[in-house]
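Residue numbers (the working numbering): 53 to 443.
Here's what the structure looks like:
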């Protein structure tokens, strides 16, 4: 349903816009009833009362545990992800500049490929803050929490934006054997004697000022000069190059989720959260599938794109959980026998009745199941019953 993106849910069942792959699975009333009544967790116990998202916590734990099993990349990026929802929801946030500025905030760490390897939902000012890092604030504490799953002293880099960057965080990550990189606000420099913004404007476009503890690499870039009408060479610190090349992972996963987001007009935040993490898991699975195919040397034209990948998963899940094949289900009222009058020859007043049986409809053969279903070794053997058939 999300792949087609109809503006109204009932359009998948309407005659003019019917989609058989959706409408043949269940009636529209059944789907709406399941969507409105979906329930993952029972009533919270005393330990769960502090968790604002306890209603969907089992699903979150399942997705999170699978993310932790993914291999880590050399370059990682921490950023905020928004789960769009404008209704009533615990810990609702507004972030200016985001594509969906209102909703639930999710801190995600991902690699260059866009594959998420860890995340932490925002539940208030104390999210992810331990007693040891309480003095560092929310942003730095979240980065340290998400960096726990990154291998230390393995030349791994961790990038983040100015919401998280601080001198204390930089020193802490350096002590943990993780190379930090990020942009920083002027009020977090702790007395570092850098040039002011006015002085930088006087030096001209492309000017830089740096204070480092050791010599770093400097690379050269070029830009277009409007005054000279030509490209000119500009020195650029290597850290700026590394940051710009590796900061797009979060944007990639957000873009892929937005392509085929499950759209549902609902007032329940739990339903919106469930649909988001289904999209989150599908995109992460597709990115992992792409990496595996590249490692196996499969040509790109032979790999599944995200649209086909989602369709294959949906079709496999439907066929695996249907008790009766779609093609074998009777449609409408059961067929009955009809009585037709027969007139005797030579006497129009005399007639008899004969029973005429309507011919049965020819059943359409069911399609070949997916490879995952054929070889899953589940529910493909005859079932032995105790009752003997009548002879």
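Even for Gly, the Cβ is constructed at its ideal location relative to N, Cα and C.
Worksheet entry | Classification of residue 449 by the beta-carbon crowding that lies within 10 angstroms, buried from 16 upward | Beyond the ends of the chain as shown, which are 53 and 443, falls residue 449; an answer cannot be given.
Worksheet entry | Which of helix, strand or coil DSSP assigns to residue 110 | helix
Practice prompt. Just the C-alpha distance for residue 149 and residue 189, rounded to the nearest angstrom, thanks.
Written response: 23 Å
Worksheet item: Would you report the Cα separation of residue 129 and residue 336, rounded to the nearest angstrom?
Response: 15 Å
Worksheet item: Hey, out of 416, 210, 292, 343, whose CA is closest to residue 357's CA?
Response: 343
Worksheet item: Going by the CB atoms, is the gap between residue 331 and residue 314 shorter than 8 Å?
Response: yes
Worksheet item: I think residue 370 touches residue 90, with their Cβ atoms under 8 Å apart; what is that distance to the nearest whole Å?
Response: That pair is no contact at about 17 Å.
Practice prompt. Please confirm whether residue 127 and residue 211 have their CB atoms less than 8 Å apart.
Written response: yes
Worksheet entry | residue 115 versus residue 248 - alpha carbon distance | 45 Å
Item to complete: Using alpha carbons as the reference points, say which of 310, 73, 105 lies closest to residue 142.
Response: 105
Practice prompt. Could you give the DSSP three-state label for residue 363: helix, strand or coil?
Written response: helix
Discussion item. Which residue marks the beginning of the alpha helix (DSSP H) containing residue 327, and which one marks its end?
Written reply: 321-347
Practice prompt. Express the C-alpha separation of residue 422 and residue 268 in angstroms, rounding to a whole number.
Written response: Confidence at residue 268 is low in this model, with a pLDDT of 45, below 50, so its placement is unreliable and the value that follows should be read with caution. One C-alpha to the other measures close to 54 Å.
Worksheet entry | When 201, 202, 196 are compared against residue 220, the one with the closest alpha-carbon | 196
Discussion item. Distance check for residue 97 and residue 353, CA to CA, integer angstroms please.
Written reply: 51 Å
Worksheet item: If you check the beta carbons only, do residue 321 and residue 137 fall under 8 Å apart?
Response: yes
Worksheet item: Which whole-angstrom value describes the C-beta separation of residue 193 and residue 202, a residue pair presumed to lie in contact below a C-beta threshold of 8 Å?
Response: Not really, about 16 Å apart at Cβ, beyond 8 Å.
Practice prompt. Quick one: measure Cβ to Cβ for residue 81 and residue 92, integer angstroms, because I've assumed they're closer than 8 Å.
Written response: At roughly 22 Å, the Cβ-Cβ gap does not stay under 8 Å, so residue 81 and residue 92 are not in contact.
Practice prompt. For chain D, find out if any of its Cβ atoms is closer than 8 Å to the Cβ of residue 250; answer yes or no.
Written response: No chain D is part of this structure, which consists of one protein chain only.
Worksheet item: Under a three-way DSSP split, which group does residue 268 fall into?
Response: Note that residue 268 scores a pLDDT of 45, beneath 50, so its modelled location is shaky and nothing firm can be said.
Item to complete: Return helix, strand or coil for residue 307, following the three-state DSSP convention.
Response: helix
Worksheet item: Measuring CB to CB, does residue 235 end up less than 8 Å from residue 217?
Response: yes
Practice prompt. Look at the alpha carbon of residue 198 and the alpha carbon of residue 362, and state the distance between them as a whole number of angstroms.
Written response: 29 Å
Worksheet item: For residue 232 versus residue 241, is the C-beta spacing smaller than 8 Å?
Response: no
Discussion item. Looking at the secondary structure, which residues open and close the alpha helix (DSSP H) in which residue 83 lies?
Written reply: 80-89
Worksheet item: How far does the beta strand (DSSP E) with residue 445 in it reach, from first residue to last?
Response: The question about residue 445 has no answer here: the residues shown for the chain are numbered 53 through 443.
Worksheet item: Taking the DSSP output, what are the residues bridged to residue 232?
Response: 210
Worksheet item: Where DSSP assigns a beta bridge to residue 158, which residues make up the other side?
Response: 133, 173
Worksheet item: Should residue 329 be labelled buried (16 or more other beta-carbon atoms within 10 Å of its own) or exposed?
Response: buried
Worksheet item: Within this structure, are the beta carbons of residue 176 and residue 215 separated by less than 8 Å?
Response: no
Fill in: residue 148, enclosing alpha helix (DSSP H) - first and last residue
Taken as a continuous stretch (DSSP letters only), residue 148 belongs to no alpha helix (DSSP H), as it is neither H nor E.
Worksheet entry | Spatial distance of residue 419 from residue 206 (CA atoms) | 50 Å
Worksheet item: residue 63 and residue 69: beta carbons closer than 8 Å?
Response: yes
Worksheet item: Nearest-angstrom Cα distance between residue 147 and residue 155?
Response: 9 Å
Worksheet item: Skipping 5 residues on each side, what residues in its chain have a beta carbon closer than 8 Å to that of residue 333?
Response: 115, 118
Item to complete: Going by CA-CA distance only, name the one from 132, 144, 360, 140 that's closest to residue 319.
Response: 140
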